[in-house]
Amino acid sequence: MRIILFLFFINNFLFSQNNNEVFQVEFLVDDIDCNGQINITGSFDNWSGWGANPNNNHTIELNSGSYEYQVLCINTSNSNWFNDPWSNSIIYEPEQGSSCDFNPDDSFTNFGFIVNNNIVLNPSNCILGIDELYSVNFLVDDIECEGQINISGEFDNWSGWGAHPDNNYLINLQPGDYQFVYLCIDTSIPNFWNNVWNNSTVINSEVLSTCDFNPNDNFGNFGFSVSNNNIEVEFCNSESVLSGCTNSYASNYNPLAVLNDGSCSFENLLQSSCFSSPGREESVRIENNKIIIGNEAFHMKGVCWSPTPIGGGPGLDNGNPSYFSQFVDQDAPLMQAAGINIVRTYGVVDEYALDVLYNHGIYVISVIYFGYDEPLENTFDRLCELKQHPAIIGWEVGNEWNLTNLSSSIFSNFSEALSVVDYLTSQLKYNDSTRLISTTWGGWIPDENTFNTLNNVDIYGLNLYVGESFLSLFEQWNNSTNKPFYLSEYGIDAFHTVGDSVNEEYQSLIVESLTNEIYNNASINESGFSNCTGGMVFEWNDEWWKHNGGDWAIHDELSSWSTGGFLDEFVSEEWFGIVDIHRNPRLAYTTYSQMIPPSSLNEVTFDVSDINCNGLINISGDFNNFSGWGVTFANNFSIELENGSYEYFIQCVNNINTFNSDPENSSFLIQPLMNSNCDFIQNNNDSYYGFTLQNEDLLVQFCANSVDSIFGCTDSLAINFNIDANFDNGTCNYCPQVCCAAITASCLACSECMSYEDYCSLYPSTIGCPILGCTDSSSNNYNPLADIDNDSCNYDCDFPWNIVVTDQNHSIFIQGSIISDNENSFSEGSSIGVFYTDNYGENQCAGYSLIEDGTIQIAVMGDDSSTDEIEGLIYGQEFNFLVWDPSLCNEYIVNPIYTSGPEYYTSNGITFISDFISDNIFPVNQEINFPAGWSMFSTYMNPSNTSLDFIFSDFVENLVIIKDYEGNAYLPEFNFNGIGNINIGSGYQIKLNSSLTIMIDGEYLVPENNPISLNQGWNIIGYLRISPSPVDLVMNELVDNNALIIVKDYSGSAYLPEFNFNGIGDLTPSKGYQLKTNQESVLLYLSNSFSY
3 MRIILFLFFI NNFLFSQNNN EVFQVEFLVD DIDCNGQINI TGSFDNWSGW GANPNNNHTI
63 ELNSGSYEYQ VLCINTSNSN WFNDPWSNSI IYEPEQGSSC DFNPDDSFTN FGFIVNNNIV
123 LNPSNCILGI DELYSVNFLV DDIECEGQIN ISGEFDNWSG WGAHPDNNYL INLQPGDYQF
183 VYLCIDTSIP NFWNNVWNNS TVINSEVLST CDFNPNDNFG NFGFSVSNNN IEVEFCNSES
243 VLSGCTNSYA SNYNPLAVLN DGSCSFENLL QSSCFSSPGR EESVRIENNK IIIGNEAFHM
303 KGVCWSPTPI GGGPGLDNGN PSYFSQFVDQ DAPLMQAAGI NIVRTYGVVD EYALDVLYNH
363 GIYVISVIYF GYDEPLENTF DRLCELKQHP AIIGWEVGNE WNLTNLSSSI FSNFSEALSV
423 VDYLTSQLKY NDSTRLISTT WGGWIPDENT FNTLNNVDIY GLNLYVGESF LSLFEQWNNS
483 TNKPFYLSEY GIDAFHTVGD SVNEEYQSLI VESLTNEIYN NASINESGFS NCTGGMVFEW
543 NDEWWKHNGG DWAIHDELSS WSTGGFLDEF VSEEWFGIVD IHRNPRLAYT TYSQMIPPSS
603 LNEVTFDVSD INCNGLINIS GDFNNFSGWG VTFANNFSIE LENGSYEYFI QCVNNINTFN
663 SDPENSSFLI QPLMNSNCDF IQNNNDSYYG FTLQNEDLLV QFCANSVDSI FGCTDSLAIN
723 FNIDANFDNG TCNYCPQVCC AAITASCLAC SECMSYEDYC SLYPSTIGCP ILGCTDSSSN
783 NYNPLADIDN DSCNYDCDFP WNIVVTDQNH SIFIQGSIIS DNENSFSEGS SIGVFYTDNY
843 GENQCAGYSL IEDGTIQIAV MGDDSSTDEI EGLIYGQEFN FLVWDPSLCN EYIVNPIYTS
903 GPEYYTSNGI TFISDFISDN IFPVNQEINF PAGWSMFSTY MNPSNTSLDF IFSDFVENLV
963 IIKDYEGNAY LPEFNFNGIG NINIGSGYQI KLNSSLTIMI DGEYLVPENN PISLNQGWNI
1023 IGYLRISPSP VDLVMNELVD NNALIIVKDY SGSAYLPEFN FNGIGDLTPS KGYQLKTNQE
1083 SVLLYLSNSF SY
């Protein structure tokens, strides 16, 4: 809004020119934006509010002199406005101190003019009047004040009277920035107006808050900006902290900021004069996923070493250098005795400790922290001092920084922390190329973006506490990156929190189990997935400072965090040492000492006892470049070699004295005949013996130098003639001279010189060939003519049993009843069978029969001893019985009552059983059907492996996400399992790309023995009963205790006890349900023997 006031004088006068001469001044107000009446008031009318107004055509008569004025835009819609035109007006006035302020030296903001001998003069450039003023309306309703509120600031020169009730909290200002405060005036004080500041409570903002208009001046004033429109100023009562870059390492660090807003950028973090100096004399590098120190492959058998005395704290960088020197003379010999060859330290170790470790054959990899209180310069200065020390083989940037640096709000987001790690690793790599550059990740495997960003990382460390196994870690790592890794932390504490006792045996078991997994996937000898360079057991010694901050001289037994997958999920942080704080070894130390790390070398021993040589035997090959003296009696004919294939020949040396100068005349070669079975690589125009090494020692025996070693049938008239055989082994087969004339399979096969089996496989419909089909009379497609079951049987509920028919069996006759645990018979169509375990550890059926009235016979197949596979029971093996109930699609264990005959398998045996009965007949597996999209599921089975990623390992292509009630997630696309293991009685949300059916095997969770603990608030529960039950009856006890608010299924249907509304109906096996309570409670299901 632009307001222009034209000021002119009328060029005539009313009186003669003398001191009493009067001049007429007219105010032209047509261009003033006002919806009411315009009055011009000032010193000429004693600020009455009425000076020049429409009644006098905005004209007044004045003597020569100076005059100040303001413009009132009066709201004439207010009744009785004329009694107080000031309070009912918008006031137009210039900005204080501006060129339009007639008297800038006073505290008032008035326009003005001079009347001098019939000339009207305006100051400065305001001859045309007011320049661009905008109304500012202060909204004060939200301010708590018992007196009068005044608003004072830069716009009124902090006079205390800027905006107040008399002007309806309105002022007019030119564009600009203005600071101000609120004054709550105690009007009960007499003459308070004489000093409003002393008689007021000042209301301002918190310094460095979001309401602080200028946080750099430390005043804590409110403020606003006027641009090109009228504004309203609301009371700012949000005291959020000032945001900005709070990371002191960043180039745009703001020391005033309290909240990190993610704007940090990082440049020139690493500054030190020592980086031009040489590094380690013998370089450390990665080749084919192996750590190579000099020219030797190295496998890490390590521990995390953070020595602290009783009462001592973590010190500098989680490892006070003085502590290293204090304990190294005691620790290094113990470590060496255990075969430990490397330690991981949480900080840079002092030179004395490095010397002692190196003299005991122990290397060091040091963590370099970032994002904590100690300046990086201090860390790198100490790093530079030790740059040439041979004990240090690597620098490790950060310790599980993806977890700790983010959780402690040092960085505002992951990208910011990643950029720092990228910068530091690149600078370290550039300035010290003689060592490994690593970074340690916590939780599971880094994501693709991290791998792609950290190009200068040679090897990754993983801090991992996922349970008694590393699960699919090694396989998933190979699917994620081609760089190797080591376990920078693994193990478990020696204190059983639940049992409130020391449990050294379990700690030892975990160390042994996890270390074996590392060995089985070691890169040094190309075992397993060949991507792991070793690991560091966490940790060497107990540290007593980790839990009780009040007293570090106490060995605290309390748990400080929890993890899944272990016997005791509650971790006692001060009990992780494989030796205690006094250096007394625990059982885990002894176990770890006995575990020999894998090596890249295999011992090869040559057996020369069958070699006919009257001189010295020398074995030479590509392992010594066929250079002469290779393997002889001097080394007991043994040599250590890496994995691979090797060729060699044998020399019989007659004259040792002349061998070096004339090897041909002083020795003769022993080589295989070309292309014989002793020729290691055939069809290549040479002939050498050979062997292959793959992670095991080898005894190489002499291969007879003969071509007569290809065995087979050498008769060309035989049906199995072997054209390559040069030695007949008596295996020739011939067609008979005369075959039968019948058109049957056996006769036709003979005529064609084919076996009966081969003929029927080509011509299955020939008379005499076995008829294939379903031989199970309980199936939907039973074929009574079928001789051989071809696995084509189908059932209403996918009958799960298959039998391999063998040449021997044991007959079992059942003459009584087969009843369930509630003394009811199984449903019609149920079957009973006998089971064994096959080569793959899976339960297989050896024979079964449909359960019918009267006597039932089961032919139990014995194992076929002519094959390597297990196809049935063996002599002396006890019978294990299962019942398949198609109405529930479940298998149940039943126990027999024998009448006569053996209670174990014998060939052609006969056993009689009177009854089957069991106190508890439970399912051994559960089939779960999932729809596409979102749903909720649970299981009443306790599988042997409870890890979610194992249970769904065959379905990851279809699986999008699984979540628990806390929001923890399993994301197969990112190889991330934030849930870990399924919990008894818990339900889970799941999202699938398409429908899915899975089978979970395990131990049945008896409902009455497995109470479900409910948290106050939302839970997701599972259903443990075999048959459905009404949700309102199941929840009856919770409702009686006023604990239950709502139950929902995955479709949103609800049970609301308050309104007696059941939109769910029955709780159903395999489903999960959301449940909300107003207090902690316990849900216990009834036994399957009872009904609700």
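In our numbering, the protein residues as written are 3 to 1094. Think of the CB as a built atom: it goes at the ideal place given N, C-alpha and C, for glycine as much as any other residue. Being a predicted model, the structure only gives us computed values, none of them experimental.
Which first and last residues belong to the alpha helix (DSSP H) in which residue i is found?
i, result
"tryptophan 479", "475-482"
"glutamine 429", "416-433"
"glutamate 2", "Since the first residue shown for the chain is 3 and the last is 1094, residue 2 is missing from the structure and cannot be characterised."
"leucine 787", "Per DSSP, leucine 787 belongs to no alpha helix (DSSP H) and is neither H nor E."
"leucine 185", "Careful: leucine 185 lies outside any alpha helix (DSSP H), inside the beta strand (DSSP E) at 178-187."
"tyrosine 900", "Segment 892-902 is the beta strand (DSSP E) holding tyrosine 900; no alpha helix (DSSP H) there."
Tell me the residue span of the beta strand (DSSP E) that contains residue i.
i, result
"lysine 292", "292-295"
"phenylalanine 914", "912-919"
"tyrosine 462", "461-465"
"serine 137", "136-140"
"alanine 848", "845-852"
Which of the three DSSP states, helix, strand or coil, is assigned to residue i?
i, result
"glutamine 684", "coil"
"proline 335", "helix"
"proline 974", "helix"
"serine 18", "At serine 18 the pLDDT is 31, less than 50, meaning the model places this residue with poor confidence; the figure from the coordinates comes in the next sentence. Coil."
"valine 351", "coil"
"valine 513", "helix"
"valine 228", "strand"
"phenylalanine 487", "strand"
"phenylalanine 1", "The structure shown has nothing for residue 1, since the chain only spans 3 to 1094."
"threonine 406", "helix"
"aspartate 791", "strand"
"valine 358", "helix"
"tyrosine 690", "coil"
"glutamate 880", "strand"
Quick one, which of the options has its alpha-carbon nearest residue i's?
i, options, result
"phenylalanine 46", "Asn57, Val27 and Ile40", "Val27"
"serine 996", "Gly99, Ser937, Leu438 and Ser68", "Ser937"
"phenylalanine 110", "Asp333, Val1049 and Asp158", "Asp158"
"asparagine 451", "Ser474, Ser482, Tyr94 and Ser909", "Ser482"
"asparagine 686", "Met676, Ala419, Trp546 and Ser525", "Met676"
"phenylalanine 639", "Ile613, Asn627 and Gly646", "Ile613"
"isoleucine 805", "Ala848, Gly51, Asn811 and Asp1051", "Ala848"
Just the Cα atoms here: how many angstroms apart are residue i and residue j?
i, j, result
"alanine 259", "cysteine 213", "14 Å"
"glutamine 72", "tyrosine 255", "49 Å"
"glycine 445", "proline 311", "29 Å"
"aspartate 789", "glutamine 859", "19 Å"
"asparagine 1021", "leucine 1007", "19 Å"
"glutamate 830", "isoleucine 853", "8 Å"
"valine 142", "glycine 969", "43 Å"
"leucine 130", "serine 211", "Note on leucine 130: pLDDT 34, under 50, position unreliable in the model; the coordinate value appears next. Going from the Cα of leucine 130 to the Cα of serine 211 covers about 43 Å."
"serine 409", "cysteine 247", "Below a pLDDT of 50, predicted positions are generally treated as unreliable, and serine 409, at 47, falls in that range; the measurement from the model is reported next regardless. Roughly 17 Å between the two C-alpha positions."
"asparagine 193", "asparagine 200", "12 Å"
"serine 81", "threonine 1079", "60 Å"
"isoleucine 295", "methionine 302", "12 Å"
"glutamate 893", "threonine 948", "20 Å"
"aspartate 570", "serine 474", "22 Å"
"leucine 438", "cysteine 534", "15 Å"
"isoleucine 981", "phenylalanine 300", "35 Å"
"lysine 548", "glutamate 514", "25 Å"
"tyrosine 184", "glutamate 418", "40 Å"
Does the region 828-842 come into contact with the region 875-893, if we say contact requires no fewer than three beta-carbon pairs (one atom in each stretch) closer than 8 Å? yes
Contact the region 543-560 vs the region 522-530: 3+ CB pairs below 8 Å: no
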